[in-house]
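For the sequence shown, position 208 matches number 209 in the working numbering, and the numbering has no gaps at all. Glycine is no exception: its CB is placed at the ideal position from the N, C-alpha and C atoms. Being a predicted model, the structure only gives us computed values, none of them experimental. See structure below.
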Amino acid sequence: MTVLNKRIQTIKGSATLLLKEKAEKLQVEGQKIFNLGPGEPDIDTPEHIKEAAIKAMRDGKTKYLSVAGLPAFRDAIATKLRTENNLNVQSDNVIVTNGGKQALFESFDVLLEPGDEVIIPAPYWVSYPEMTKLASGVPVIIPSNPENKYRLTPDILKKYISKRSRILVLNSPSNPSGASYSRKEMEALAEVVLEHKLFVVSDEVYEKIVYDGYEPTSFGSLSKEIEAQTITINALSKTYSMTGWRVGYACGPKDVISAMVRHQGQTTSNACSIAQYAGLAAVTGDHTFLVKLLENYKRRRDISVEAVSRMKGCTLVEKPEGAFFLFIRIDALKGKKWSGGDLSGSSDIAAMLLDQSGVALLPGVEFGDDGAIRITYALGDNELKSALEAMVEAFGAI
Ligand code: PLP
Numbered sequence: 002m003t004v005l006n007k008r009i010q011t012i013k014g015s016a017t018l019l020l021k022e023k024a025e026k027l028q029v030e031g032q033k034i035f036n037l038g039p040g041e042p043d044i045d046t047p048e049h050i051k052e053a054a055i056k057a058m059r060d061g062k063t064k065y066l067s068v069a070g071l072p073a074f075r076d077a078i079a080t081k082l083r084t085e086n087n088l089n090v091q092s093d094n095v096i097v098t099n100g101g102k103q104a105l106f107e108s109f110d111v112l113l114e115p116g117d118e119v120i121i122p123a124p125y126w127v128s129y130p131e132m133t134k135l136a137s138g139v140p141v142i143i144p145s146n147p148e149n150k151y152r153l154t155p156d157i158l159k160k161y162i163s164k165r166s167r168i169l170v171l172n173s174p175s176n177p178s179g180a181s182y183s184r185k186e187m188e189a190l191a192e193v194v195l196e197h198k199l200f201v202v203s204d205e206v207y208e209k210i211v212y213d214g215y216e217p218t219s220f221g222s223l224s225k226e227i228e229a230q231t232i233t234i235n236a237l238s239k240t241y242s243m244t245g246w247r248v249g250y251a252c253g254p255k256d257v258i259s260a261m262v263r264h265q266g267q268t269t270s271n272a273c274s275i276a277q278y279a280g281l282a283a284v285t286g287d288h289t290f291l292v293k294l295l296e297n298y299k300r301r302r303d304i305s306v307e308a309v310s311r312m313k314g315c316t317l318v319e320k321p322e323g324a325f326f327l328f329i330r331i332d333a334l335k336g337k338k339w340s341g342g343d344l345s346g347s348s349d350i351a352a353m354l355l356d357q358s359g360v361a362l363l364p365g366v367e368f369g370d371d372g373a374i375r376i377t378y379a380l381g382d383n384e385l386k387s388a389l390e391a392m393v394e395a396f397g398a399i
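Structure, rendered in structure tokens:
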């Protein structure tokens, strides 16, 4: 048998991707499955973005690009970050990557010495701890805080800082909880960040998927000092329904970005040229499609929140103002039984729901909180309603 190194042996497969494969397999076998698992928009990429890709192919834009990205695209991203996010950046503060994922991993890999700690507040997006380990760092998980609607507070953060702390990960709006920080809440955290010279990796991939007038703040925009200690991560995946195109970016201090360019130059080279031309059209083009998109997500969020109020034993800490997930608390159901056995945690609840209602979703334990389950409401109204009613029924039968 091949002997793999110790580092890779500690890395889990992505729970989201594994669930996607499992649900697809059950569907192929003929079972009716409601897939509330994936973290991706259900709608297609807008037409003008696809057209730009087709034109790029026809024009022969099919060759290597500079590693850091198509110059016009980097410029457009820098302009967006200056005007929309109040960041003081030029194009050499920006690197275009293969999705937000590569931007995150490169950030960890260029900043961490072996054994450095990355502080990750739960519930967290599944990949942060695994990426930290891949980059020879140590994930330090701050337990989930439903009492404070999943927001990290300065007092709690201070308790998890050690001599080895190097990075704090912030993700607002959050996957999985939808929790969205106010500027004031961020400013309070910024004081601790400055005092302890932490780097902040601010994952803002859901910045445009927001409701009820919530206005996102880029952590790096809080002050000049904070900007010098922040890497802003974003991607086209969620805003433009471009998950499969693999276009993301990072923005930060020039020395960090240039290290990421060296890293990427020796690993994947540039992100796909055609996808970058499409990305340029996305960032500089018409954004009116977002109005309808947000109207749809908001309606589906409200449908889901109402349905959860009818699910026996289930609660929400708030109606989230961002992203397209609900993180449903199931603490009250622990210790109950169903015909398949005990419900001792979120994995049992997820297994029960798949068996009893054909609903595929992710257990909270994958996000560092075993007292919850995560659903996405990014799917068509009718399918969503049927899935939610199936859940209401399954919970009612416990
Ligand atoms: N960050 C968060 C919070 C996410 O939910 C995701 C995708 O699900 C990503 C980053 C990665 O995005 P991408 O698909 O662009 O790599």
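Indicate whether residue i and residue j have their beta-carbon atoms separated by less than 8 Å.
| i | j | result |
| --- | --- | --- |
| LEU380 | ASP43 | yes |
| CYS252 | ASN94 | yes |
| ALA272 | ASN6 | no |
| SER347 | ILE374 | yes |
| THR218 | ARG184 | yes |
| ALA53 | LEU281 | yes |
| LEU165 | GLU118 | This sequence places Arg at residue 165; Leu is not what is there. Yes. Within cutoff. |
| PRO140 | SER178 | no |
| PRO155 | VAL193 | yes |
| TYR250 | PHE325 | no |
| PHE35 | ALA352 | no |
| GLY101 | VAL206 | yes |
| ILE329 | VAL309 | yes |
| GLN265 | ILE78 | no |
| LEU190 | ILE12 | no |
| LEU334 | ILE376 | no |
| ILE304 | LEU385 | yes |
| ALA283 | ARG247 | no |
| THR17 | LEU362 | no |
| VAL170 | MET261 | no |
| MET312 | VAL366 | no |
| LYS62 | SER274 | yes |
| ILE162 | ILE143 | no |
Which of the three DSSP states is assigned to residue i in this structure?
| i | result |
| --- | --- |
| LEU363 | strand |
| ASN271 | coil |
| TYR378 | coil |
| ASN235 | strand |
| ASN36 | strand |
| SER203 | strand |
| THR63 | coil |
| ASN406 | The first residue shown for the chain is 2 and the last is 399, placing residue 406 beyond what the model contains. |
| ALA279 | helix |
| ALA373 | strand |
| VAL292 | helix |
| VAL111 | helix |
| VAL211 | strand |
| GLU262 | Glu is not the amino acid found at residue 262; the sequence shown has Val there. VAL262: helix per DSSP, three-state reduction. |
| VAL393 | helix |
| TYR129 | helix |
| PRO155 | helix |
| VAL4 | coil |
| PRO72 | helix |
| GLU216 | coil |
| ALA136 | coil |
| ALA79 | helix |
| ARG302 | helix |
Strictly under 8 Å for the Cβ-Cβ distance: is residue i near chain C by that measure?
| i | result |
| --- | --- |
| ASP332 | No chain C is part of this structure, which consists of one protein chain only. |
Report the partner residues of residue i according to the DSSP bridge assignment.
| i | result |
| --- | --- |
| PRO122 | ILE143 |
| PHE100 | In the sequence as displayed, the identity of residue 100 is Gly instead of Phe. Per DSSP, none; premise fails for GLY100. |
| ILE168 | VAL119, PHE200 |
| VAL95 | CYS252 |
Taking C-alpha atoms, which residue in the options lies nearest to residue i?
| i | options | result |
| --- | --- | --- |
| GLN32 | LYS386, ALA282, SER358, TYR378 | SER358 |
| TYR182 | ILE162, ASN149, SER166 | ASN149 |
| ILE121 | ILE304, PHE396, PHE368 | PHE368 |
| ILE168 | GLU390, LEU362, ILE227 | ILE227 |
| TYR212 | GLN230, VAL309, VAL97, GLY323 | GLY323 |
| VAL257 | THR269, SER238, ALA361, GLN230 | GLN230 |
| PRO47 | THR240, SER128, MET187, TYR378 | THR240 |
| THR285 | GLY38, THR11, VAL29, HIS49 | HIS49 |
| ALA279 | ASN86, LEU105, LYS23, THR244 | THR244 |
| PHE396 | VAL360, LEU385, TRP126 | VAL360 |
| GLU114 | THR133, TYR129, LEU105, SER387 | THR133 |
| SER224 | MET187, GLY214, LYS255 | MET187 |
| SER145 | LYS386, LYS338, ASP371 | ASP371 |
| ASN297 | GLY342, ASP382, PRO254, CYS315 | ASP382 |
| THR289 | GLY342, PRO254, LYS209, GLU22 | LYS209 |
| GLN28 | SER387, LEU389, LEU355 | LEU355 |
| TRP1 | TYR151, GLN267, ALA24 | Outside the modelled stretch of the chain, which goes from 2 to 399, sits residue 1, for which no answer is possible. |
| GLU216 | GLU25, ALA73, ASN87, THR80 | ASN87 |
In chain order, what are the residue ranges of uninterrupted beta strand (DSSP E) at least 3 long that sit wholly in the stretch 304-343? 326-330, 337-339
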